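Participant:
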Amino acid sequence: MTAVATPVSGTGIGLRQPHYREVFERLPALAFLEVHSENFFLDGGASLHALERARAAYPISLHGVGLSLGSADRLADDHLAKLKRLVERVEPALVSEHLCWGAIGGSHFNDLLPLPHTGATLALLADRIDRVQSALKRRILVENLSAYVEFRDSEMTETAFLAELARRTGCGLLLDINNLYVNAINFGFDPVARLAELQGDAIGQIHLAGHAVVDDCLIDTHGSLVCDPVWLLYEEACRRFGAKPTLIEWDTDLPALDVLLSQAAQASVIASRFDEVAHA
Amino acid sequence: MPELLDIQAGFAAALRDRDRTPATQAWLSGDGALIDRRMAIYRANMVASAEKALVAAYPVISQVVGDEFFHGLAREYQRRTPSTSGDLSTFGESFGQFLAKFEHTQSLPYLPDLARLEWAAHRAYGAADATDFDAAALAVVDDEQQAAIRFQWSPGLAVVGSRYPIVRIWTIHQPGHAGEFSVDWDRAEIALVARDGLAVSIADCGAGDAAFLEASLDGAPLGDAAATALQLHPDFDLGALLGRAFAARLVCGFTL
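Going line by line, the protein sequences match chains A and B.
Residue 304 in the numbering used here sits at position 116 of the first sequence, with consecutive numbering throughout.
Residue 431 in the numbering used here sits at position 6 of the second sequence, with consecutive numbering throughout.
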């Protein structure tokens, strides 16, 4: 399965409504912009108009938060149809979803809930991703999750699960370095060792974001600066996999655009020390 | 290990009801206290997602009642009417019905109608862009066929009537509102919700115009819609209304 859109390289930011005007006026030097797909599941109007304006100036990454690939009972065909319509309209450079579930029995929690990493879950996810990729007629990227609970009976790590999912389905991976770090702290594992379970050529994009610290737990809020350990882990990922398209993701307590641009510049400086092709 | 379906059903039950959390210990790592703390994070996320979607759809109501009270409304509405879609722009359609019944909003009886107005505006915001229509195209219709014209109205167009001054309440809560904030609480108002380019416009609508538009939006032909409006409101002026509707590009086409 080949992607029809031009692949991107370099650093981008998440485009959020309070920054629309400034981004369109300044057109900052960014490799791409990412938006949440579901915010544009509309028939027309100002939001879609803004997205089309962004699309005219930048490659777009459509990042889904509501498809719920891992729901045991069903894949939401109506949701997939809306995503397909948006993909056809925007012709994005990248389309991504999460390794999660969010709905069961007709109720949707509108959250990214964790899955047990078992052979049975792998078979379900592989089937779902096949269906999504054939409906969209393109490769999608699947992102590792921030989680606050984990399953006793998981048979493999999340990274090993994703590596196998990519091998089975041809999907790419969206490696969220902050999520990996959040889970490393929440569940007590070595995140560098987890990187070693991934194949660099499957990784199509990297996410960087901030998190909050609450009691004994890191919470993935996308509401603060990327922290130092996440920058170090990003550097390690670049060393291991080569430079990958990288996104600064910020959703809550949105700061001035310049803060995001400065974070993006910091990522570019790190990535520039590594080739785009993985080192042996 | 139980089936994934059972795990997800148990997880969902624990999110909705904290008392169901202990059952998840059978398949989640950690002791009961840890799982309880961690599941509380997901429970808070669930409410936060619902609240964010409701604030986006109901910005005026959230201002009227204040953030703290609105948070409580969102929590209770989400509990009674869980989201059914990964597309949160569809969440909250029945918020007005909830506000009409909820015991703690009875002192603000205009809220349900204000909610219907805001939902109509929310729908209009994302409605399809209107297609251009040249009123001169109506010239081809013979005189005896005119009563059979069925107008195609611009997507998102809606009429919301109330016993309360909902247009005024909506207007004084807009971010750019300049001027005074007085409200004549005895005034019943009908709102005409329409797209104006990419913006959403809310305007005070006369009762005759509203009766005509409601009938026409329901699919009634021009003659029947006008007769309905005239019967209820003898001062209804069809020509004036159509002139304004064409000028505001509310008509996108017609069928016979």
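All C-beta atoms in this analysis are idealised placements derived from N, C-alpha and C, irrespective of residue type, glycine included.
Just so it is clear, the structure is predicted and the values come from calculations on it, not from any experiment.
Take the Cβ of His529 (chain B) as the centre, count every other Cβ of all protein chains shown within 10 Å, and call the residue buried at 16 or more, exposed below.
Facilitator: Exposed, because fewer than 16 other Cβ atoms sit within 10 Å of the Cβ of His529 (chain B).
Participant: So, does the CB of Ser607 (chain B) fall closer than 8 Å to a CB anywhere in chain A?
Facilitator: No, Ser607 (chain B) lies away from the interface with chain A (no Cβ there is under 8 Å from its Cβ).
Participant: Ile391 (chain A): which of A:Asp378, A:Glu464, A:Val320, A:Met344 sits nearest, CA to CA?
Facilitator: The option with the nearest alpha carbon to Ile391 (chain A) is A:Glu464.
Participant: Is Gly511 (chain B) close to chain A? Criterion is C-beta to C-beta, closer than 8 Å.
Facilitator: Gly511 (chain B) counts as touching chain A.
Participant: Can you tell me which residues form a DSSP beta bridge with Arg575 (chain B)?
Facilitator: BP columns for Arg575 (chain B) point to B:Thr680.
Participant: Does Phe229 (chain A) get closer than 8 Å to chain B when you measure Cβ to Cβ?
Facilitator: Yes, contact with chain B.
Participant: Kindly list the residues whose CB is nearer than 6 Å to the CB of Ser256 (chain A), restricted to its own chain and excluding five residues on each side of it in sequence; keep chain order.
Facilitator: Cβ neighbours of Ser256 (chain A) beyond the five flanking positions: Trp289, Gly290, Ala291.
Participant: Would you mind telling me which residues of chain B sit closer than 9 Å to Pro304 (chain A), beta carbon to beta carbon, in chain order?
Facilitator: Near Pro304 (chain A) (Cβ distances below 9 Å), the residues of chain B are Met426, Leu429, Ile432, Trp452.
Participant: Would you verify that the beta carbon of Gly293 (chain A) is, or is not, closer than 8 Å to some beta carbon of chain B?
Facilitator: Yes, contact with chain B.
Participant: With respect to the beta strand (DSSP E) encompassing Trp381 (chain B), which residues constitute its N-terminal and C-terminal limits?
Facilitator: Examination of residue 381 (chain B) is not possible in this model, given that chain B is present from 426 through 681 alone.
Participant: Using the Cα positions of Ala425 (chain A) and Ala381 (chain A), report the straight-line distance between them to the nearest angstrom.
Facilitator: Distance between the alpha carbons of Ala425 (chain A) and Ala381 (chain A) is about 11 Å.
Participant: Helix, strand or coil for Gln450 (chain B) per DSSP?
Facilitator: Here Gln450 (chain B) sits in helix by DSSP.
Participant: Tell me whether Gln393 (chain A) sits in a helix, a strand or coil according to DSSP, three-state version.
Facilitator: Of the three classes helix, strand and coil, the one that applies to Gln393 (chain A) here is strand, per DSSP.
Participant: Is Glu464 (chain A) helix, strand or coil by DSSP?
Facilitator: Here Glu464 (chain A) sits in coil by DSSP.
Participant: By how many angstroms is the C-alpha of Pro507 (chain B) removed from the C-alpha of Ser450 (chain A)?
Facilitator: Each residue's alpha carbon lies about 39 Å from the other.
Participant: Which first and last residues belong to the beta strand (DSSP E) in which Val402 (chain A) is found?
Facilitator: Start and end: 400 to 402.
Participant: Roughly how many whole angstroms lie between the Cα atoms of Phe495 (chain B) and Asp621 (chain B)?
Facilitator: Looking at the two C-alpha atoms, the distance is approximately 29 Å.
Participant: Can you pull the chain A residues whose beta carbon is under 8 Å from the beta carbon of Ala437 (chain B), in chain order?
Facilitator: Under the 8 Å cutoff, chain A gives Ile292, Gly293, Ser295, Phe297.
Participant: Quick one: give me the first and last residue of the beta strand (DSSP E) that Leu362 (chain A) is part of.
Facilitator: Per DSSP, Leu362 (chain A) belongs to the beta strand (DSSP E) from 360 to 364.
Participant: Considering Cα atoms alone, identify which of A:Arg273, A:Gly202, A:Tyr369, A:Gln393 is closest to Ile328 (chain A).
Facilitator: Comparing Cα-Cα distances from Ile328 (chain A) to each of A:Arg273, A:Gly202, A:Tyr369, A:Gln393, the minimum goes to A:Gln393.
Participant: So, is Trp595 (chain B) buried or exposed, given that buried needs 16 or more other C-beta atoms within 10 angstroms?
Facilitator: Trp595 (chain B) comes out buried.
Participant: If the cut is a Cβ gap below 8 Å, which residues of chain A does Gly457 (chain B) touch?
Facilitator: Correct list: empty, because the minimum Cβ distance to chain A is about 12 Å.
Participant: Who are the Cβ neighbours of Val401 (chain A) in its own chain at under 6 Å, not counting the five residues just before and after it?
Facilitator: There are no such residues.
Participant: So does the region 569 to 580 of chain B actually touch the region 531 to 546 of chain B, counting three or more Cβ pairs closer than 8 Å?
Facilitator: No, the region 569 to 580 of chain B does not touch the region 531 to 546 of chain B.
Participant: Could you give the distance in angstroms between the alpha-carbon of Phe436 (chain B) and the alpha-carbon of Asp662 (chain B)?
Facilitator: Using only the alpha carbons, I get a separation of about 59 Å.
Participant: Once you ignore the five residues that flank Ala553 (chain B) on each side, which residues in its own chain have a CB closer than 6 Å to its CB?
Facilitator: Pro580, listed in sequence order.
Participant: Would you mind reading off the limits of the beta strand (DSSP E) that contains Ser450 (chain A)?
Facilitator: Per DSSP, Ser450 (chain A) belongs to no beta strand (DSSP E); it is in the alpha helix (DSSP H), 445 to 459.
Participant: I need the straight-line Cα distance from Arg241 (chain A) to Leu675 (chain B), nearest angstrom please.
Facilitator: Those two C-alpha atoms are separated by around 25 Å.
Participant: Hey, out of A:Glu279, A:Gly376, A:Ser259, whose CA is closest to Leu324 (chain A)'s CA?
Facilitator: It is A:Glu279.
Participant: Where Ile574 (chain B) and Ile432 (chain B) are concerned, what is the direct C-alpha to C-alpha distance, given to the nearest angstrom?
Facilitator: Their Cα atoms are separated by approximately 57 Å.
Participant: Please state if the CB of Gly551 (chain B) and the CB of Asp408 (chain A) are separated by a distance shorter than 8 Å.
Facilitator: Not in contact: Asp408 (chain A) and Gly551 (chain B) (Cβ atoms no closer than 8 Å).
Participant: Could you check what DSSP says for Arg620 (chain B) in three-state terms: helix, strand or coil?
Facilitator: Reduced to three states, the DSSP call for Arg620 (chain B) is strand.
Participant: Answer with yes or no whether the minimum CB distance from Arg243 (chain A) to chain D is below 8 Å.
Facilitator: No chain D appears in this structure, whose protein chains are A and B.
Participant: Give a yes or no on whether 8 Å exceeds the smallest Cβ distance from Arg463 (chain B) to chain A.
Facilitator: So yes, Arg463 (chain B) belongs to the interface.
Participant: If distances are taken between C-alpha atoms only, which option among B:Ala654, B:Gly631, B:Asp629 comes closest to Ser641 (chain B)?
Facilitator: That would be B:Ala654, whose Cα lies nearest to the Cα of Ser641 (chain B).
Participant: Are Leu430 (chain B) and Thr309 (chain A) close, meaning C-beta to C-beta below 8 Å?
Facilitator: Not closer than 8 Å, so no.
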